[in-house]
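According to our numbering, the sequence shown is numbered sequentially starting from 962.
Where a beta carbon is used, it is the ideal one built from N, C-alpha and C, also for glycine.
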Amino acid sequence: MTEGWSPASGDPSSTPAHVFRPAPGGGAAVAGWGIALPERRVTNHELSQRVDTSDAWIVERTGIRERRVAGPGETTASLAIEAGAAAIKCADLSPADIGCCIVATCTPEQPIPATASFVQDGLGLRCGAFDLDAACAGFVYALVVGAGLLSTGGLGAVLVIGSETLSRVADPDDRSTCVLFGDGAGAVVLVSDASMALPAHPTGVPSQGPGLLAWDLGCDGSAASLLHVAAGGSRMPTTADTVAGGEHWLKMEGQEVFRRAVRAIVESAGGTLAQAGVDAADVDLFVPHQANSRIIDAAANRLSIPPERTFVNIDRYGNTSAASIPIALAEAADAGRLRRGDLVLVSGFGAGMSWASALLRW
């Protein structure tokens, strides 16, 4: 699959069978967005004082120049609350309008209860709330689930948040992982697309309203060991030995993850475009998970999406897992790179190994 994906050039037999295209008028539109970032910036130079690395080494291999790191009092829930409040305000709604809250995270506030419980209380919501963990693909998973809930009717709006504090599971002495990850949160408010009227897209893509046009969710559990935190669950409960042995730090086989990431993003995103009947040339903005600049460049190139239509902010935030895509969407919208009616393609890949893509009309 070296050529750009389109209905004409893509092989239909290789399109993931579980891609679903909602019927016109049955989707979910993004009505508001928000982000939350810790105040503390940690530069590559600062990390080079602690581990055997350098700014040039990190930038060349990852594209990262700095990342945000949560300080005392900043947690996965507190960041989620801040981002969620901003998204609700952006949508010109109130907490009473939110019919469900989904928090995508792999670094929860605590094992029990769900982080969403703290977020629901902190935002003053009076609705159902739950967590979803699909690691770096988690936000797109949550987006699809939120759209599905909206399609049942009666919810009004769904708040979808991606929030992470990965700095707290990254081994500070492991240069292969501590340089990669950052903390932050992003959120969107989904409403029924029937409640929003937009102009037709100039490319002539089918003129149904804003919202989710197609999606793909996937997982290969046989590769779960490639990116994991071993201890702290039922398989390896927390003990003094697991703490002393560093089993609570995130471990990753970087080269194999890289190889799988590019392939999964291209196949998932390409198949999603094919199902929607959209050419890569018609995508206004590609917003991939911000894992590594080389992964982003390789995937965008194979999808035939040029750099000017690919959103990248990994240089400032590092890999924020489930938070990376909603942070990028909010920044793109605020910067005018996403306008109402634009076609935006999002795609994530992470631990599990899981992946997810979605095509939305903004």
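For the segment 1080-1156, the continuous beta strand (DSSP E) assignments of 3+ residues that do not extend past its boundaries occur at 1089-1093, 1118-1126 and 1144-1153, in sequence order. In the three-state DSSP reduction, A1065 falls in the strand class (E or B). Here the alpha carbon of L1127 sits roughly 30 Å from the alpha carbon of L1111. Taking a C-beta distance under 8 Å as the contact criterion, I1286 and I1025 do not qualify as a contact pair.
Looking from the CA of A1175, the closest CA among S1308, A992 and L1093 belongs to S1308.
Residue pairing by DSSP places W1316 opposite G1179 and F1310 in a beta bridge. Its Cα nearest to that of C1067, the residue L1211 stands out among G1279, V1273, L1211 and S1015. Rounded to whole angstroms, the separation of the alpha carbons of I1019 and R1221 is 21 Å. Around the beta-carbon of D1303, 16 or more other beta-carbon atoms lie within 10 Å, marking it buried. If you check the CB distance, G988 and L1104 do not come in under 8 Å. Non-local C-beta neighbours of A1261 in its own chain, meaning closer than 8 Å and more than five positions away in sequence, comprise F1247, P1249, P1267, P1268 and T1271, ordered along the chain. When secondary structure is reduced to three states using DSSP, P1033 falls in the coil class, being assigned neither helix nor strand. When C-alpha distances from F1219 are compared across T1004, R1022 and L998, the shortest belongs to R1022.
In this model, A1252 and S1282 are separated by some 8 Å (Cα to Cα). In summary, Q1216 is exposed, with fewer than 16 beta-carbon neighbours lying within 10 Å of its beta-carbon over all protein chains present.
In this structure, the beta-carbon distance from V1101 to A1319 falls below 8 Å. Nearest C-alpha to V1130 among A1191, R1300 and D1181: A1191. DSSP places L1304 in the strand class (E or B) of the three-state scheme. Residues of the same chain with a CB within less than 6 Å of the CB of G1085, apart from the 5 flanking positions on each side, are P1056 in chain order. Secondary structure of I1286 (DSSP, three-state): helix. In the three-state scheme derived from DSSP, where H, G and I count as helix and E and B as strand, F1247 is classed as strand.
The beta-carbon separation of L1093 and V1106, rounded to 7 Å, stays under the 8 Å limit for a contact. For R1011, no alpha helix (DSSP H) segment is defined, and its DSSP state is neither H nor E. With contact defined as three or more Cβ pairs closer than 8 Å, the segment 1039-1058 and the segment 991-1008 are in contact. Taking 8 Å as the cut-off, the beta carbon of V1119 is found closer than this to the beta carbon of C1061.
Straight across, the Cα-Cα distance linking S1195 with R1298 is about 45 Å.
Classified as exposed, E1007 has fewer than 16 neighbouring CB atoms from the shown chains inside 10 Å of its CB. Rounded to the nearest whole angstrom, the CA to CA distance from A1098 to G1147 is 14 Å. Of the candidates D1013, R1002 and A1077, D1013 places its Cα closest to the Cα of R1136. With respect to the C-alpha of Y1278, the residue from V1140, S1153, V1080 and T1113 having the closest C-alpha is V1140. The C-alpha of T1113 is placed about 27 Å away from the C-alpha of A1291. Within 10 angstroms of the beta-carbon of V1204 lie fewer than 16 other beta-carbons, which makes it exposed. One Cα belongs to R1001, the other to I1288, and the distance between them is close to 17 Å. In the same chain as S1078, and ignoring 5 residues on each side of it, the C-beta atoms closer than 7 Å to its own belong to A1090, in chain order. Close CB contacts of L1040 within its chain, under the 6 Å cut and outside five residues either way in sequence, are with A997, S1124 and A1146 (chain order).
In the assembly as shown, G1143 is a buried residue. Its beta-carbon has 16 or more other beta-carbons within 10 Å.
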